[in-house]
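What follows is one structure encoded as structure tokens, with my remarks underneath.
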Amino acid sequence: MIRTLAITQEHEVVMNTPLQEMNLVDYTFVWADFSHPSEEETRLLTDYFHFHPLAVEDCLHNLQRPKLDYYDNVQFLVLHALRTGDAQPLEIDLFLGPNYLVSYHHDELDEINQAWDRIAEHASERTIWSKATVAAAYTVMDKLVDGYFPILFAIEDDLAELEGRSSDEPIDELMNQVFMLRSRLLRLRRTFVPMRDLLYRVINSQHIQGGTEHKLYFTDIYDHLLKLTDMLEADREMTADLRDSYISLSSNRMNNIMKTLTVITTIFMPLTLIAGIYGMNFEHMPELGMRYGYFGVLLLMVLLSSGMIFWFKKRGWFQ
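For the sequence shown, counting from 1, position 168 maps to 756 in our numbering; every step adds exactly one.
Right under this line is the structure:
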């Protein structure tokens, strides 16, 4: 599907005129949004706009790293949105021409719809006529970055909940949740850091017409990405601390179990020795003729075990 938003030379807003019926030079600004494009619609990138084949190829091959490329008088940007829930990256491609913006994406995105509605609402204002291309690109990027915050906040909520859970719960379950959170944070990092680098290039680019006037706005997006990356790194450090704590706790539990088993084995060693001696079945054993010899040996075992348990507790081996 292709939808269009155009501002005429007479400063009138025209919506959803087919591209084939439009001549770009007749308009102050045109935004063409390709959403779920068919093969025939995709060919318009080459046949109508005459974009560079490498840029068109990047559109067709998902998922490219966020980047900024220059092709003659067209700037090509690859951006990432994040899908709510699993935080999977979704690619959005932008072509910035002298008086037009082309957005190309395979998924229905709320951020694009919000940016579209905002530009459509302000398209009739005189202040946007001469810089609508950059304003539209800025609006798209701003909405994309704003969409990152709820996803990161949701992960931080999960992390806070995990941090507050009792250490008496099964370590394996806690460790699995920590590694799951680290995996989600790593996936976000693959979006945040390239997007941050992309905004840095946009801010310092001399090729984007009108970019200088909008430098403050792009800098604001860049600041948001810096904040996001700082929060993300702090969360990754917290998951690393939780992981190390759980590993230490697991090792401590294992040591206590081994210590307890060792103590129990040590207690039964002399008892096994005594039972072994009286199980040798020799005919001439002096104690075998004693009337209370059996009870005496049992008493000796009880006293020996009790004495060893008392000694172990005194040394702090029972904890």
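Backbone N, C-alpha and C fix where the C-beta goes; we use that ideal spot for every residue, glycine too.
For residue i, which three-state DSSP category applies?
{"i": "aspartate 695", "result": "coil"}
{"i": "glycine 895", "result": "helix"}
{"i": "glycine 799", "result": "Any reading at glycine 799 is ruled out, since the residue's pLDDT is 49, under 50, leaving its predicted position unreliable."}
{"i": "threonine 854", "result": "helix"}
{"i": "tyrosine 615", "result": "strand"}
{"i": "proline 874", "result": "helix"}
{"i": "proline 782", "result": "helix"}
{"i": "tryptophan 717", "result": "Residue confidence for tryptophan 717 is low, a pLDDT of 47 falling below 50, so the modelled location carries little weight; the figure read from the coordinates is stated next. In this structure, tryptophan 717 counts as helix in the three-state DSSP scheme."}
{"i": "aspartate 823", "result": "helix"}
{"i": "alanine 675", "result": "coil"}
{"i": "tyrosine 880", "result": "coil"}
Restricting to Cα atoms, I'd like to know which of the options is closest to residue i.
{"i": "glutamate 806", "options": "Pro782, Arg770, Val722, Met763", "result": "Before going further, note that residue 806 is phenylalanine rather than glutamate in the sequence given. Answer by Cα proximity: Val722."}
{"i": "methionine 783", "options": "Gln765, Met610, Tyr736", "result": "Tyr736"}
{"i": "methionine 763", "options": "Ile835, Lys815, Met857, His638", "result": "Ile835"}
{"i": "aspartate 698", "options": "Gly685, Leu684, Leu689, Ile680", "result": "Ile680"}
{"i": "leucine 816", "options": "His640, Ser626, Phe741", "result": "Phe741"}
{"i": "arginine 777", "options": "Leu747, Met819, Leu888", "result": "Met819"}
{"i": "serine 894", "options": "Asp621, Ala720, Val851", "result": "Val851"}
{"i": "glutamate 609", "options": "Tyr636, Tyr882, Met589, Pro625", "result": "Tyr636"}
{"i": "lysine 719", "options": "Gly864, Leu747, Leu684", "result": "Leu684"}
{"i": "histidine 624", "options": "Leu607, Leu648, His638", "result": "Leu648"}
{"i": "tryptophan 899", "options": "Gly867, Ile862, Thr854", "result": "Thr854"}
{"i": "isoleucine 739", "options": "Gly881, Phe856, Ala669", "result": "Ala669"}
{"i": "tryptophan 619", "options": "Leu747, Ile700, Thr634, Val666", "result": "Ile700"}
{"i": "leucine 861", "options": "Thr848, Leu888, Leu849, Val728", "result": "Leu888"}
{"i": "glutamate 751", "options": "Glu825, Tyr880, His638", "result": "Glu825"}
{"i": "isoleucine 897", "options": "Ala863, Leu849, Asp823, Met878", "result": "Leu849"}
{"i": "isoleucine 743", "options": "Leu689, His638, Asp674, Gln794", "result": "Asp674"}
{"i": "alanine 724", "options": "Arg789, Asp621, Thr634", "result": "Asp621"}
Kindly list the residues whose CB is nearer than 8 Å to the CB of residue i, restricted to its own chain and excluding five residues on each side of it in sequence; keep chain order.
{"i": "glutamate 598", "result": "none"}
{"i": "tyrosine 726", "result": "His802, Tyr805, Phe806, Ile809"}
{"i": "tryptophan 717", "result": "Bear in mind that the predicted position of tryptophan 717 carries a pLDDT of just 47, short of 50, making it unreliable; the figure below should be weighed with that in mind. Excluding positions up to five away in sequence, the list reads Ile595, His599, Thr616, Phe617."}
{"i": "glutamine 702", "result": "Lys731"}
{"i": "arginine 841", "result": "Ile759"}
{"i": "asparagine 661", "result": "Gly685, Pro686"}
{"i": "histidine 640", "result": "Tyr659, Asp660, Val662, Phe664"}
Using a Cβ-Cβ cutoff of less than 6 Å, which residues in the same chain neighbour residue i once the five nearest sequence positions on both sides are dropped?
{"i": "proline 858", "result": "Leu892"}
{"i": "asparagine 687", "result": "Phe617"}
{"i": "glycine 884", "result": "none"}
{"i": "leucine 830", "result": "Val766"}
{"i": "aspartate 646", "result": "Gln652"}
Taking 7 Å as the limit between beta carbons, can you name the residues of its chain near residue i, skipping five residues before and five after?
{"i": "asparagine 843", "result": "none"}
{"i": "leucine 651", "result": "Pro677, Glu679"}
{"i": "serine 838", "result": "Ile759"}
{"i": "leucine 813", "result": "Val733, Phe780, Met783, Arg784, Leu787"}
{"i": "isoleucine 791", "result": "Lys803, Phe806, Thr807, Tyr810"}
Would residue i count as contacting chain C if we go by Cβ distances under 8 Å?
{"i": "valine 851", "result": "Looking at the structure shown, chain C is missing, and only one protein chain is on hand."}
- Query: Quick one: complete alpha helix (DSSP H) runs, 4+ long, within the stretch 591 to 664?
  - Reply: 627 to 630, 632 to 635, 641 to 648
- Minimum length 4: unbroken alpha helix (DSSP H) runs contained in the stretch 733 to 772: 736 to 751
- Does the stretch 617 to 630 come close enough to the stretch 726 to 737 to have 3 or more Cβ pairs within less than 8 Å? no
- Item | Meets three-Cβ-pair contact criterion under 8 Å: the stretch 650 to 670 and the stretch 613 to 629 | no
- Could you tell me whether the stretch 687 to 704 touches the stretch 762 to 772, using the rule of 3 or more Cβ pairs below 8 Å? no
- Taking 8 Å as the threshold, find out whether the stretch 700 to 707 comes into contact with the stretch 756 to 767 through three or more Cβ pairs. no
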